[in-house]
């Protein structure tokens, strides 16, 4: 995928573009160098972290710090730090392949992600030259560890409602306030902290743990990720040098929201790493567990669970690396040599706000589904803390809250799309008018070619159903639509299913055309997913119409949606049986990337 091609890919344009017309990076496109990085991370996790799983979850912070410093020695903390500051400056795809491996232990995954992502990247993108030279080499090597302090007791989703203050006193800033739920607070050496200058201008600052006036509260007692440090950070006349302002006064929202956007696609990738580990022990247990004289994974409803777990993973990989591929190509058009490098790179990432939120929401909910199904597959043992599904279910629950709740992200997905359409950045209205004209002559199955032509037809029909329903909502509600959260969430659900279906179809078809050794199971998983998801889009389109009109207007709207329903499913049961058979034979999720 060339930079020139990526420049033509606008965030959200997947809804308006024929399936397969957009460039798409897939996991099968990874080169040897990226795979080497992933193997190093895998060796570290399996050799150093997983054997200490129980100790980590007892909140042994010295052990966690020791492991993080070992990761730093291996170069795993500086992947996204520029080379000028002792980092490796690898592309996001490679860094995410590493992150997937580092996400196999829930608590450690949170520690690692908070440090390398939201803890370090604000300085990478917004720091002055002096700040970068002071902090990044230490963070890249693991000499220092980082935390990110945004949330307060009264400002969670409403981040700009923060009450923490910063006042300039001579050559120092004086900070006061309390931050809540701060990951890594128990051992972080440096904090990126948000406060309002003179109580008005939302800004960011770099605070060191040795600065006077900063302290932390007791460790929070949490539902899951018990091995990660989570504390309040207390600022009582905390005095820091004037040059610790990060970015510009009053521009802290650009840092906060930009970095959270990065955190969202990272959380999506981390979720697929967790799913792979859960599936592996679910396959092992259901093979060993005997009932009625045979392994329980010989029964149809257990096979259904295993197949659905694997299908979630395949789709998640396709979606996440598609998104990260777009981001990488956009970043290639920027340079660290530019005086506006940080702003340029953040703008390139922000273009894919919709896709980043989709990755976060869809993947976090897929991970919870997989963990819950593992508990069920283990039966009574799944409810016991002696077996792994119980901890996995608790650990992954936080992901639907992290980096903006899934509810907030659903509003962002649809809201961003509509705002870009209203500004003229996306030709949403024109496409909607085109779809309305197609009602009397809807797109036919024979229009599509290739081994997955039927599935491509299903995706295109889904796009048209979504456009009709969304267009009706815009027509009826106008600007008030943004305030109707249930309608916005339903629109977002359709957008997520369309993006994930399309990502999986394109990936699977390329595997088939390239003769990939796992092409057949990829085909089966994709067909299973489209089989099941197409109906979700159809149902949401109908219900969205009912949310905004009634009576004759509703009957007319439903007739329009029905015009795009000529998609015929195949047997999901047969597909699941074939998928489960391959999983049981292999013992793990079979499509190895690294």
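Numbering (full-length UniProt numbering), first residue to last: 1 to 594.
Yeah, the Cβ is synthetic: ideal placement off N, Cα and C, and Gly gets one too.
Computed from a predicted structure; not experimentally measured.
For the set 577, 91, 159, the Cα lying nearest the Cα of residue 329 is the one of 91. Between residue 505 and the set 264, 449, 547, the nearest pair of CA atoms involves 449. Closest in alpha carbon position to residue 144, among 152, 150, 151, 135, is 135.
Listed as beta-bridge partners of residue 107 by DSSP are no residues whatsoever.
Take the alpha-carbon of residue 431 and the one of residue 372: they are about 39 Å apart.
Under the rule that a run must span 3 or more residues, the beta strand (DSSP E) segments found entirely inside the stretch 161-190 read 165-169, 172-183. The stretch 319-336 makes contact with the stretch 22-35; the number of CB pairs closer than 8 Å reaches 3 or more. Within the model, the alpha-carbon separation for residue 425 versus residue 563 is close to 29 Å. In the structure shown, residue 30 falls within a coil segment according to DSSP collapsed to helix, strand and coil.
For the set 141, 164, 198, the Cα lying nearest the Cα of residue 152 is the one of 164. Contact between residue 498 and residue 466 holds, since their C-beta atoms are separated by about 6 Å, short of 8 Å.
With contacts defined by Cβ atoms closer than 7 Å, residue 183 and residue 230 form a contacting pair. Contact between residue 312 and residue 275 holds, since their C-beta atoms are separated by about 6 Å, short of 8 Å. Unbroken alpha helix (DSSP H) runs of no fewer than 4 residues, entirely contained in the stretch 372-426, are found at 388-396, 406-423, following chain order. Residues of the same chain with a CB within less than 6 Å of the CB of residue 518, apart from the 5 flanking positions on each side, are 590, 591 in chain order. Scanning the stretch 202-248 from its first residue to its last, the whole beta strand (DSSP E) runs of 3-plus residues come out as 214-216, 230-241. Contact check for residue 190 against residue 146 passes: the beta carbons are separated by less than 7 Å. Shortest Cα-Cα distance from residue 389 to any of 378, 398, 215 involves 378. Separation of residue 200 and residue 186 (C-alpha to C-alpha, rounded to the nearest whole angstrom) is 29 Å.
Annotated three-state conformation of residue 80 is coil, per DSSP.
In the DSSP annotation of this structure, residue 436 is not part of any beta strand (DSSP E); the continuous alpha helix (DSSP H) holding it starts and ends at 428-438.
Under the 8 Å Cβ criterion, the stretch 258-268 counts as touching the stretch 345-364, having at least three qualifying pairs.
Going by DSSP, residue 148 is part of the beta strand (DSSP E) stretching over 146-149. Between residue 226 and residue 335 the beta-carbon gap is near 43 Å, outside 8 Å, which marks them as no contact. In the three-state DSSP reduction, residue 200 falls in the coil class, being neither helix nor strand. Around the beta carbon of residue 223, fewer than 16 other beta carbons lie within 10 angstroms, which makes this residue exposed. No Cβ-Cβ contact shorter than 7 Å links residue 278 with residue 246. Residue 195 is bridged by DSSP to 203. Distance from the CA of residue 493 to the CA of residue 18, rounded to the nearest whole angstrom, comes to 20 Å. With a threshold of 16 other beta carbon atoms within 10 Å, residue 303 meets it and is buried. With respect to the 7 Å criterion, residue 43 and residue 105 are not classified as neighbours on the basis of their beta carbons. Residue 244 and residue 252 have their C-alpha atoms roughly 13 Å apart. In chain order, 334, 335 place their CB closer than 7 Å to the CB of residue 341, counting only its own chain and leaving out the 5 sequence neighbours on each side.
In the DSSP annotation of this structure, the continuous segment of the alpha helix (DSSP H) that includes residue 512 starts and ends at 485-513. By the criterion of a C-beta distance shorter than 7 Å, residue 502 is surrounded in its chain by 14, 19, 459, once the five residues flanking it on both sides are discounted. No Cβ-Cβ contact shorter than 7 Å links residue 215 with residue 249.
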